[in-house]
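Residue numbers (our numbering), protein chains in the order written: chain A, 2 to 303; chain B, 588 to 892.
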């Protein structure tokens, strides 16, 4: 035994530096690897298995393999899933550019030299802190946001102008305004990311552009926007993730109700399958965004 | 000369005008952010009479502190507050420790599958918990962990749980920008890697620790979804879990009878808002106390990169 230990020690001793470092790195990641196995890989694997099978006996959790049955059911037979998925995704995809443009504007405002900057920043980051929870969802859902938008409507769009513009135009504008509160409350993290990105752009670039007689408008399109490309990509992806996993999301509600409040004995399997379809759907959108923004990001890296 | 003067005054007024417009824009937007809080505090001090009186706008005629007492009673504050604090503190500490330790490993060393592992870190904070909530629930019930705080605390110490991957990500970003020369110097003096982490790297990451602490504290405090599944026992519930029942109180009375009955005046919106204020009050305080450090940390955190 002793000799064997000595041997291992010798082996360690003769290891290259990079080999040794690899072991130490693995040691640092060991807790995470353990956690990944127990709290991530195992449940995901189980849920995948369940989604492909039928629970015969709930007590022992014996499963019968049924193939793509639940997936087919969700896509072709269920009447609520697809329409709700469509509604949620259209809604979120409309919000996606609005959130990003809005938070970029706000970040550029906060990046200017001005009075009471700390005060405004504190206020603008409030949603990051408190907007995530159930409480805030309730507060915002309690018709408060409704009232806020009503006020915004009245301020930005007086009745006289509404009458003048005609119904369809007003409806579109009002739809936009109604969206605005949701957008604002969902853009806290994005503002932070844009703000720190704006601060990392070297001022000498702007000075050089100024010497070449570029106005602030040109320098925005030719310097700020291209330099921000990686952060825009990150923010787009983040926004998709955040809006698709928000607490009052209809699909997530649907999944939860299936899993825990349904009388249907096979709701467990069905909810797992729906969850997987939803997950793949989100990953597809993210992948698509990555491909679309890849060229702009690569340009910056060069 | 004259022309110049006119031009100068013109420019001055124009810049003044644009400044005013700029501040108005910021103030109106910040109003949208503050509005729910103003509404909450204003309503929480209104008596039932004030609520149904249309002429009472933002300022209640009389400060009704009874709302807070009633809400606290209903929420069983002694018990739920203790539970919430235990869960929040223990799991936040877990997220900080695991995030720093594992994040350090990811930033300093090269090992096989490192990129795959890091991809999984990101993935674990992307995939909504609802996707694998069923097997999670079954696992915890097999381990006899339902109605205990273990489902929140245990994953936090291994970098999972509520968005645990984000803590690892934040620390990794920081340590990648932190020069390793300091630890190497210590290693020459005979300091081990792990000791180097605890003595040098981790204390240097103070700003990230503040950011992580605030974010996870608030996420855990506000979390409703998982507690509502794992904690069913009345003596183990957290503060946020009592709120929906408070909300139900007012909606039920109206929907069942359609008319104002006595119970409605017992649990009116004022009480509900008082309860809400109680529930977010600790986090508001924590945010305002730590916000300057938080902002510095966010700016320095290398969220970018």
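We put the beta carbon where it would ideally sit given N, CA and C, even for glycine.
Helix, strand or coil at residue 54 (chain A) according to DSSP, with G and I counted as helix: strand
Below-8 Å beta-carbon distance, residue 644 (chain B) vs any chain A residue: no
Cα-Cα separation, residue 786 (chain B) to residue 740 (chain B): 25 Å
Residue 37 (chain A): contacting residues in chain B (beta-carbon distance under 9 Å): 704, 707, 708, 711, 745, 746, 747
Cβ-Cβ separation, residue 57 (chain A) to residue 64 (chain A) (assumed contact under 8 Å), whole Å: 7 Å
Chain B contact residues for residue 260 (chain A), given Cβ-Cβ distances below 7 Å: 720, 721
Local conformation of residue 17 (chain A) per DSSP, three classes: coil
Proximity test, Cβ basis, 8 Å: residue 755 (chain B) and chain A: yes
Close-in-space but distant-in-sequence residues of the same chain around residue 742 (chain B) (CB under 7 Å, 5 per side omitted): 748, 751
Interfacial residues, the segment 620 to 631 of chain B to chain A, with Cβ spacing under 9 Å: 620, 621, 622, 623, 624, 626, 627
Contact list for the segment 861 to 888 of chain B against chain A, Cβ threshold 7 Å: 863, 866, 867, 870, 874, 878, 882, 885, 886
Below-8 Å beta-carbon distance, residue 269 (chain A) vs any chain B residue: yes
Runs of alpha helix (DSSP H) wholly within the segment 69 to 129 of chain A (minimum 4 residues, chain order): 70 to 73, 82 to 112, 118 to 125
Inter-stretch contact at 8 Å, needing at least 3 Cβ pairs: the segment 687 to 699 of chain B / the segment 751 to 763 of chain B: yes
DSSP three-state assignment for residue 881 (chain B), whether helix, strand or coil: helix
Helix, strand or coil at residue 64 (chain A) [DSSP, three-state]: strand
Amino acids of chain B, ordered along the chain, whose beta-carbon sits closer than 7 Å to that of residue 291 (chain A): Those within 7 Å of residue 291 (chain A) in chain B number zero; the least Cβ separation is about 12 Å.
Length at least 4, wholly inside the segment 194 to 241 of chain A: the alpha helix (DSSP H) runs in chain order: 204 to 212, 217 to 220
Residue-level contact to chain B via CB, residue 246 (chain A), 8 Å cutoff: yes
Residue burial classification, residue 41 (chain A) (beta-carbon count within 10 angstroms, cutoff 16): buried
is_contact[residue 226 (chain A), chain B] using C-beta, thresh 8 Å: no
Classification of residue 606 (chain B) by the beta-carbon crowding that lies within 10 angstroms, buried from 16 upward: exposed
Neighbour list for residue 699 (chain B) in chain A, Cβ cutoff strictly below 9 Å: 23, 27
Close beta carbons around residue 119 (chain A), own chain, < 8 Å, minus the five adjacent residues each side: none
For residue 254 (chain A), the nearest candidate out of A:23, A:85, A:72, A:30 (CA to CA): A:85
Cβ of residue 693 (chain B) within 8 Å of any chain A Cβ: yes
Rounded C-alpha distance that separates residue 758 (chain B) from residue 711 (chain B): 16 Å
DSSP three-state assignment for residue 44 (chain A), whether helix, strand or coil: helix
Proximal chain B residues relative to residue 277 (chain A), where beta-carbon distance stays under 8 Å: 718
Neighbour list for residue 613 (chain B) in chain A, Cβ cutoff strictly below 7 Å: 110, 121
Separation of residue 857 (chain B) from residue 261 (chain A), as counted between CA atoms: 32 Å
Same chain, Cβ closer than 7 Å to residue 1 (chain A), five either side skipped, listed in chain order: With chain A covering 2 to 303 only, the question about residue 1 (chain A) has no answer from this structure.
Cβ shell of residue 81 (chain A) (< 8 Å), same chain only, five flanking positions each side left out: 255
Residue 183 (chain A) versus residue 781 (chain B) - alpha carbon distance: 45 Å
Alpha carbon of residue 23 (chain A) to alpha carbon of residue 683 (chain B), nearest angstrom: 23 Å
Rounded straight-line distance, which links the Cα of residue 191 (chain A) to that of residue 633 (chain B): 36 Å
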